[in-house]
Every structure is written in structure tokens, then in C-alpha cells.
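Asks:
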Amino acid sequence: MLGGGFKPDLELPAVFREEATMYGFYGRILRIDLSEKSYEIKDVEEKIYDRYLGGKGLASHLLFELNPAGVDPLHPDNCLIFATGPVTGSKVWGSCRYGVFTKSPQTGFYSESYSGGKVPEAIDATGYDAIVLHGESSEPVVVDIRPDDVFFHEAGDLWGKETYETEKEAVKRFGQKDKGYHRVGAVVIGPAAENLVRFSVIKNDLWRCAGRTGVGTVLGAKKVKAVVFQGDRKRSLADEGAVGTLVKRFAAISKEDPGVNAYKTMGTSQLVKVLNSANAFPTRYWSKGKYEKWESISSDALHSRCDVTPNACLRCFMACGRMTTVKEGRHAGLKLEGPEYETIYAFGGLCEIDSIEEIIYLNDICDRLGIDTITAGNLCAFTIEASKRGKIDYTIDYGEVDAIAGLLGQIAQREGIGDVLAEGIKHAAREWDLEDLAVHVKGMEPAGYDPRVLKGMGLAYATSDRGACHLRATFYKPELTGMIAPDQIEGKAELFIDFEDRLTIFDTFVFCRFYRDLYTWDVLSEILQAVTGIQNNEDDLRKRAADISTLIRRFNLREGLTPEDDWLPKRLFQKMEKTGHVIRDEELEYMRKDYYRLRGWNELGIPD
Ligand code: SF4
């Protein structure tokens, strides 16, 4: 063991206090200095919870306060923060989730990423609302966090190992379930993060991951191979009876809910058919919106060609996860949880891989190496275009699975052109003189919803704090289900903010996105009161969400954000092949202007 012990001499801003009395919060955070192998436990002022709640709100506040302005994301001073929320560890459905917050090595701006599984309850059982890692270990380390102690274990022999093996080994070596810790789990990085590939993930429960913005890369820079969380702590809830009643009510609702049943029977792969039908399934590196062979990578293909059983995070009746085993062919016996829609779009649509088994194979490679499948698929398709245009001395074409698999390995190990791609799309586009072709916002690639059809997704991608993000508002949902016409521009920003704000509140609890149709504003108020005792109506919650958005906006402005960063790439203003769908810059400008105004920011997107 490298060390462990209390060292209360780190300077923290004056937001911390000695005592906590609120329900639903532990009232304390843990701050770990990896350089010194020391830690301190600090209480948090009640007014911070009152203003920002927990999860994303608390973590964003800490990041703003603790990160030096303009810090290099890979510098030891860039904090990486794990946070759970007031519902984590409770029986409330959709509550087993954690968030990770840092400054992104992929975008250079605010970063958040979330994951489910079972490990979030182990993180929570350590008894902190947030855990801040800063500094940098001089050698590979496993950080072992318990309710009142932190240990630093040597991890030289784990360095270089794939994610699955690392997670199993970290829990086996350092888990103390037999010593009374009910919850034990680990989050890990793979070889890509060790090599500082800028879009590396943090994995847990083998196949779950905080996948976007390169949060794993920051752990890699800190030489943290794994974090083991173990404990027996539980949050005190304000009204256990009300929580129980609410849990029963939604269990009953779930039985008849068509959305719940769709996720349970088809998982997220159901979207392959939906997006192809809408001509919004990004194909052949963002040139088309429909893949002719979509049926071979659809939900039906997955469920008929593989052995699939629904799989759920703890506290979930929706079970959107798919435990999948390939039945036939060269990958027979390959097992993983997935593939999710976004992975299918990235390799199936963008790279035109027409076999669900081969997509599973590429998914498995990304999981083992610890890289984001959305960015990976985008970069592989971008490389194919670069190759076809003679911009690189490298041969690769659409549909070539083995060449793509090889490229993923080169990226993770930074070999050959993999070294260029490991720096991300912005860098590769500059190096290869293909900036007009590269599809990204702030350095992060979009998910599988083409904004030339779903124009609200254009606003979402352009203005998201973390780059081209589909999850801050999941605005494909209202655009695909008739709540608002996909090509409507007027009034779009208003509905968009309604979704974005409600899901910001989701992230303070930290709730799974797929409960968005069940947990309306009123239900969120009800849950908040039952769990914390805080009485907030819809207007109060909207105000909290807006405060969090503005706080993060200020963070990004401090890091150099300009209105040009809130914009779509050139490629997405060009007509889609076959259907001719397009988004015009005046349409995006209209929505963005509206968005800034409704947020209370000036025409440059700056809060008053
Ligand atoms: S819906 Fe899916 S991601 Fe969400 S909690 Fe359930 S299994 Fe996990």
C-alpha cells in the first residue's frame, strides 16, 4: 500500500461548514490529493444544497470553485468529481446512477458524464455527496474509498490491462464485503486512458460507462487505474412512508406503460427503425439519413440473431440493457451488455457495417480498450473519408470491419495515424486539412440524430455545454413523437428549455434519463419533498435548473467559450443526399437567439 491518512491542510473555499442537518444529503464531501496521497473530509454549507441541490448542481459548484481558470484538462490541478444525489441508495426507481464532472480533455470545456449499473450504490455507500480527486499520482494507483478512510494501493501490474480484467481484479483484491461493507464496486479505465486518448471512458459493472467527453482520460492523467468504493452508509430520508408510496405507485404504472414496455422488450436499439423511418439516421459519415441495410442492424436483427435478455441497473423496472450473446459466425459466444443505439448508429450507420454481430464485435473492442463508441465510430468514418479523398496514406473503406477494428487498436495505443486520431476530431481535421468535413461541436461528435431533419437537435448540439450532446434535453423525443414538428423553428427554444431544465433537475437527483416521461415537474417536486423535506414547486425547480445552467455557462466563458463555439459544423449545413434535408444558418441563428434570450443571457450568450 502506498499510503492513507488524514491531512487537513488543504485550502478550500469558504463554502464548507462544520455540521449538516438536511435529509437526503450526507452534508459532506471527500477531497483526495493524489500527489500527496492524502485526503480530507469537509462539510458543505446548507445553502449550497438549497441553491444547487446535489449531483450535477453540487459538483458543478465545486468544479467552478476548485478548478483554476484556464487549467489544462490533463494538468494535476484539473479536478475530477464523482457525485451521487439525494435519491441514490433509496428505493426510488431510476436512482442508481452517478455522475463524473471535470474539465474535458476532448473539448476544453465543462464536462459531465453519467453511468448506471450497480456500482453507483457502492459510491453512495461511502457516505459523501461528492468525491473530488485532484493532483496526480507519481505511479499507477488504485484508490480505495471507504466511509472514513482512503487507501492508495500500488497498481503497476494492472497498468496496461483491459477494463474487464481490471474491474474484476480491483474488486477481488481490495473489496472488503466480508468486513461489513454491504456495497462494493469499482470504476476503471482501460489502456486508451493510460495513453491519454482524449475520448476515454470510465467503466463500471463491466459494460456500463461514463462514456462522453473523456472523463477516463483525466483519471489516466492522474495515473488512477481504478477507484474502489465500499461502505455501509445510507442517506436519511425525510419521509420514508411517502417514498414507499411513490415507489409502489410507479411500480403499478410501469406495468401498463407502453414506453416502459418498449424499452424492456427492445432496448435502445428500437431507435434504429425510428430514425431510419424519419430519414434522420446518420449514414456514411453524415451524408445520408437512411441506411439501406438498416434491417440487418435493427432491434429485430439483434433479438433474432443473438441470445438476448433484458438487464437492469439496480432500482429499475425498465431494464433497457441487453445481455447479448452472439449465437453464430466468427464471433459466436461473444457476450456483452449492448449494443446500445448510439453504438449501432456510429458503426452501423456512419461506417456502414451491415451486421449486428460485427457491431457487437467493435463494441467489445471499444469496451475493453475504454473508448467512447460514438466518438470512435465517428473518427473511423472520418478516416474512411480522409482515405477516399487521398488526404492520408492509409487505406480503409466503408464496411471494412477488420480494418476498423485495427484502427481502434491503433488509436488506443497511439500507433501510426492512431496517434493523430487519439487527439480527437479537431486535431485530426486540422492535420488532414479536412476542417470543412469534420462533424463536431466544441470538439465532441454528435449522437445519432441528424439535425437537418430534427432541427431542435441542431439547437441542442450547438448550445450544449459539453459539445454535441443528445442527452442534456433528449430533444429527439418531442421531435419524433409529434410534440413539436421537427422543422418548426419558432417556439422551439422554449420547449427545448423546458426539457433541458427538467433534465438538469434529473441530474441533480441523479436520475436515469429514461424516466423522463414518468417524472414530470410535479413528480420531481414530490420526490424532492419526500427525500429531502424541501418544498419546491415547478417554478422553484425551474429557477434552480436555470441557476445551474448559468453557473456552467460562466465556467465555460471563463474557459474561453465564444458564440462561434455554440454553432454547428459546416457539413451539417449541406443538403443530405437523396432527401435534400438541410438546416439553414438563419434557422439555427433564430433558435439560438431565442435560447439565449429565454435563458436571460445577452446576444453573445453572456449572463448578466
Ligand atoms: S432504463 Fe436502462 S439505463 Fe436507465 S436505469 Fe434502467 S436499465 Fe439503467
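Numbering (our numbering), first residue to last: 5 to 612.
The beta-carbon is built from N, C-alpha and C at its ideal position, and this holds for glycine as well.
Among the candidates D304, C310 and C324, whose CA atom is the shortest distance from the CA of T272?
Replies: C324
Asks: Tell me which residue opens and which closes the alpha helix (DSSP H) that Y365 is part of.
Replies: I360 to L373
Asks: The ligand SF4 and Y267: does any heavy atom of the ligand fall closer than 7 Å to the residue's C-beta?
Replies: yes
Asks: Who's in the neighbourhood of the ligand SAM, going by beta-carbon under 5 Å from any heavy atom, listed in chain order?
Replies: The model on display carries the ligand SF4 but not the ligand SAM.
Asks: Which residues does DSSP list as the beta-bridge partners of V104?
Replies: F86 and S117
Asks: With a Cβ-Cβ cutoff of 8 Å, do V445 and G471 count as a contact?
Replies: yes
Asks: If you draw a straight line from the C-alpha of Y114 to the C-alpha of D401, how long is it?
Replies: Rounded to the nearest whole angstrom, the CA to CA distance from Y114 to D401 is 34 Å.
Asks: May I ask which residues mark the beginning and end of the beta strand (DSSP E) holding A323?
Replies: Segment: none, A323 is in no beta strand (DSSP E) and carries neither H nor E.
Asks: May I have the straight-line CA-CA distance separating L279 from N382, to the nearest angstrom?
Replies: 17 Å
Asks: Within the continuous beta strand (DSSP E) that includes P450, where are the two ends?
Replies: Per DSSP, P450 belongs to no beta strand (DSSP E) and is neither H nor E.
Asks: Does the contact criterion of 3 or more C-beta pairs under 8 Å hold for the region 313 to 331 versus the region 514 to 532?
Replies: yes
Asks: Return the residue from the list P90, A282 and T313 that minimises the CA-CA distance to K674.
Replies: Outside the displayed span of the chain (5 to 612) sits residue 674, for which this structure offers no information.
Asks: Using beta-carbon positions only, say whether R187 and G235 come within less than 8 Å of one another.
Replies: yes
Asks: Taking 7 Å as the limit between beta carbons, can you name the residues of its chain near R202, skipping five residues before and five after?
Replies: P109, Q110, G218, T221, A426, E427 and G428
Asks: Who are the near neighbours of N606 in its chain, counting only those whose CB is closer than 8 Å to its CB and skipping five residues on each side?
Replies: Y600 and D612
Asks: For E260, which of helix, strand or coil comes out of DSSP?
Replies: helix
Asks: Going by DSSP, what residues sit across from I135 in a beta bridge?
Replies: L34 and F86
Asks: Whose C-beta lies closer than 6 Å to the C-beta of D502 among residues of the same chain, with five residues either side of it excluded?
Replies: none
Asks: Please state if the CB of Y349 and the CB of G452 are separated by a distance shorter than 8 Å.
Replies: For G452 and Y349, yes; Cβs fall inside 8 Å.
Asks: Considering only the alpha carbon of each residue, which of G120, K392 and V232 lies closest to T170?
Replies: V232
Asks: Rounded to whole angstroms, what's the CA-CA distance from V48 to D598? Just pull it up for me.
Replies: 36 Å
Asks: Would you report the Cα separation of V120 and L338, rounded to the nearest angstrom?
Replies: Note that residue 120 is Gly in the sequence shown here, rather than Val. Cα to Cα, G120 sits roughly 22 Å from L338.
Asks: Using only CA atoms, which one of T106, S142, D182 and A284 lies nearest to K227?
Replies: Taking each of T106, S142, D182 and A284 in turn and checking the Cα distance to K227, the smallest one comes out for S142.
Asks: Pop quiz: V514 and T92 are said to be a contact at Cβ under 8 Å. What is the actual Cβ separation, rounded to whole angstroms?
Replies: 6 Å
Asks: Could you check which residue in S204, F500, I52 and I488 has the C-alpha nearest to that of R476?
Replies: F500
Asks: I want to know whether the region 345 to 365 touches the region 392 to 399 - three or more CB-CB distances under 8 Å.
Replies: No, the region 345 to 365 is not in contact with the region 392 to 399.
Asks: Smallest Cα separation from S117: which of I127, Y102 and T328?
Replies: Y102
Asks: Could you tell me the alpha carbon to alpha carbon distance between S303 and K41, rounded to whole angstroms?
Replies: 47 Å
Asks: If you reduce the DSSP assignment to three classes, tell me which class R212 lands in.
Replies: strand
Asks: Could you give the distance in angstroms between the alpha-carbon of G293 and the alpha-carbon of A284?
Replies: 5 Å
Asks: In three-state terms, what does DSSP make of W605?
Replies: strand
Asks: Give, in chain order, every unbroken run of the beta strand (DSSP E) that is at least 3 residues long and sits entirely within the region 520 to 593.
Replies: The qualifying runs do not exist here; there are none.
Asks: From A407 to W290, what distance separates their C-alpha atoms?
Replies: 20 Å
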